[in-house]
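Structure, as structure tokens:
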Amino acid sequence: MKTLKTIDFKNKRALIRVDFNVPLDKTTYEINDDTRMRAAIPSIQYVIDQGGSVVLMSHLGRPKEGPDEKYSLNHIVDHLSKLMNKKVLFVEDCISQKAFDLSSSLPNGEILLLENLRFYKEEEKGDLSFAEKLSKHGDIYVNDAFGTAHRAHASTAIIANYFPNNKCFGFLMEAEIENIEKVLNNGEKPICAIIGGAKVSSKISIIEHLMDKVNSIIIGGGMAFTFIKAKGGEVGASLIEEDQLHKALQILEIAKEKNVKILLPIDCVIADRFDNNASKKTVDINQIPNSWMGLDISEKTIKLFNEEIMKSKTILWNGPMGVFEMDSFSFGTKSIALSLVEATKKEAFTLVGGGDSVSAINQYNLADQISYISTGGGAMLEYLEGIELPGIKAINQK
Ligand code: AMP
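Structure below.
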């Protein structure tokens, strides 16, 4: 792997693509969560410590028509300076003459942040000449933006063409790749994948790909009901994707052929409406009365899933087990989170990725008791589907 440590940064300008797409308060522009910024610090610090300088580029939000104060990276400069313990320079256009003047004369040890790349439509279009212009900001290209690694944008992939021999992954990208590979290709067996969330359709490709990689797959959340119905169960008003019923049966068949154990819920908490204060009760998963809906897994299922988790040496979790945003239906998701913590204590490797399971882990303050938490939602999901991410391919390519 081409990593930071394979390159000499002394007297060189590193052009680092980071993911500073942080949530900002709509009126004060205060940063609500700086996780993504903190994740990029080690790479920036490394280049500085090695005697080089750093030009940072990122996107922020989804500006529609050119520059927009709401999405200016100017809002994060002070905080970045605090995190780096030194004043970070900022330039209000990523390809202006002023930007090139600043980056070309940037002394070693200094950091320059360019304005939001997405103020130019060319960024998302993967425009070649825009990528070439950006490339002038550095001697070495570093990609440390795992969150956008699944996009073939100018700054995430196309730009690498201009650094055939001078490009590498940052520490965050390196960690993300290594940890996902620990599940997909280098994991200690037995390997268990826990897949939950709302829809089967959005996770089908992942389940199909995982079938060649893992020993068991636990299916929970809303998507489980399509499997239960496909097997002839009564699912009442639970979330169902009629057009996926056939696919669900196919998956169960393929799993049998490939000797992969599929675990579906056996009981669930049902509610008479989609509301935290709804009436609720526990029933067998395949006997849900009409007009009631399954919104969480229940005790017997939690026990079944927990046993499988505790038997496994490598565990991947994506997607909640129920509507965890509502207190009344969060018990299943929290229980699975605690099983993962327990498994981690017993030396299993645990990886949690994808927006909602990561927020669940954070909500329960368990992040530091899991082996690795992925920072990339969409990127991680595409990686799990077996897709070679453009941002990774661009660095690996000769
Ligand atoms: P996903 O983005 O596909 O991982 O889905 C996450 C969403 O699935 C969360 O907002 C959950 O509330 C929702 N979800 C999980 N279980 C259920 C369920 N049984 N019925 C409806 N929605 C669910």
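For the sequence shown, my numbering gives the first residue as 1334, with consecutive numbering after it.
Using N, Cα and C, we set each Cβ at its ideal position, and we do this for glycine too.
Thinking histidine 1483 and alanine 1670 are a contact (beta carbons under 8 Å), I'd like their distance in whole angstroms, please. What you label residue 1483 is simply residue 150 of the sequence shown in a count that begins at 1. What you label residue 1670 is simply residue 337 of the sequence shown in a count that begins at 1. That belief does not hold up - the Cβ atoms of histidine 1483 and alanine 1670 are roughly 26 Å apart, past 8 Å.
State yes or no: is the C-beta of aspartate 1411 nearer than 7 Å to some heavy atom of ligand 1? Within the sequence shown, numbered from 1, the residue matching residue 1411 stands at position 78. Checking the Cβ of aspartate 1411 against ligand 1 gives no.
Can you find a heavy atom of ligand 1 that lies under 7 Å from the Cβ of valine 1691? Counting from one through the sequence shown, the residue named residue 1691 turns up at place 358. No - ligand 1 has no heavy atom lying nearer than 7 Å to the Cβ of valine 1691.
For the candidate residues Lys1469, Phe1342, Val1685 and Ile1642, whose alpha-carbon lies nearest to that of alanine 1700? Position 367 of the sequence shown, counted from the start, is the residue given in the question as residue 1700. Looking at the Cα atoms, Val1685 is the closest of the given residues.
Give the range of the alpha helix (DSSP H) segment to which asparagine 1695 is assigned. On the sequence shown, residue 1695 is found 362 positions in, with the first residue counted as 1. Start and end: 1688 to 1696.
Please classify leucine 1585: does DSSP put it in a helix, a strand, or coil? In the sequence shown, counting from the first residue as 1, residue 1585 sits at position 252. Here leucine 1585 sits in helix by DSSP.
For valine 1380, the three-state DSSP class (helix, strand or coil): If you number the sequence shown from 1, residue 1380 lands on position 47. The answer is helix: DSSP assigns valine 1380 an H, G or I state.
Contact defined as beta carbons within less than 8 Å: I believe isoleucine 1551 pairs with cysteine 1525. What is the distance between those atoms, to the nearest angstrom? Position 218 of the sequence shown holds residue 1551. Position 192 of the sequence shown holds residue 1525. Confirmed, about 7 Å.
Let me make sure I understand the geometry here. Which of Gly1503, Asn1512, Lys1454 and Leu1505 has the alpha-carbon closest to that of histidine 1486? For the purposes of this step, residue 1486 is identified with residue 153 of the sequence shown, where counting begins at 1. Nearest option by C-alpha distance: Lys1454.
Any idea if glutamate 1402 is buried or exposed, counting beta-carbon neighbours within 10 angstroms, 16 or more meaning buried? Position 69 of the sequence shown, counting from 1, holds the residue named residue 1402. In this structure glutamate 1402 is exposed. Its beta-carbon is surrounded by fewer than 16 other beta-carbon atoms within 10 angstroms.
Is glycine 1554 closer than 8 Å to glycine 1655 when the C-beta atoms are compared? For the purposes of this step, residue 1655 is taken as residue 322 along the sequence shown, with counting starting at 1. For the purposes of this step, residue 1554 is taken as residue 221 along the sequence shown, with counting starting at 1. Yes.
List the residues that DSSP assigns as beta-bridge partners of aspartate 1629. Translated into the one-based positions of the sequence shown, residue 1629 becomes position 296. Looking at the DSSP assignment, aspartate 1629 forms a beta bridge with Val1602.
Under 8 Å between C-beta atoms, does aspartate 1576 make it to chain B? The chain inventory of the structure shown lacks chain B, comprising one protein chain alone.
With burial defined as no fewer than 16 other Cβ atoms inside 10 Å of the residue's Cβ, what is the status of threonine 1634: buried or exposed? Numbered from its first residue, the sequence shown carries residue 1634 at position 301. Threonine 1634 comes out buried.
Give the DSSP bridge partners of leucine 1389, in chain order. Residue 1389 sits at position 56 when you count from the first residue of the sequence shown. Bridge pairing for leucine 1389: Ile1349 and Leu1446 [DSSP].
How close, in whole Å, do the beta carbons of alanine 1373 and proline 1723 come, if the pair is a contact with beta carbons under 8 Å? In the sequence shown, counting from the first residue as 1, residue 1373 sits at position 40. In the sequence shown, counting from the first residue as 1, residue 1723 sits at position 390. About 19 Å; that fails the 8 Å criterion.
Can you tell me whether aspartate 1352 is buried or exposed, with buried defined as 16 or more other CB within 10 angstroms of its CB? Within the sequence shown, the letter at position 19 stands for residue 1352. Counting Cβ neighbours within 10 Å, aspartate 1352 comes out buried, since at least 16 surround it.
Any 3 or more C-beta pairs closer than 8 Å across the stretch 1508 to 1516 and the stretch 1636 to 1645: no
For the alpha helix (DSSP H) containing serine 1549, name the first residue and the last one. Position 216 of the sequence shown, counted from the first residue, corresponds to residue 1549. Unbroken run through serine 1549 is the beta strand (DSSP E), 1549 to 1552; no alpha helix (DSSP H).
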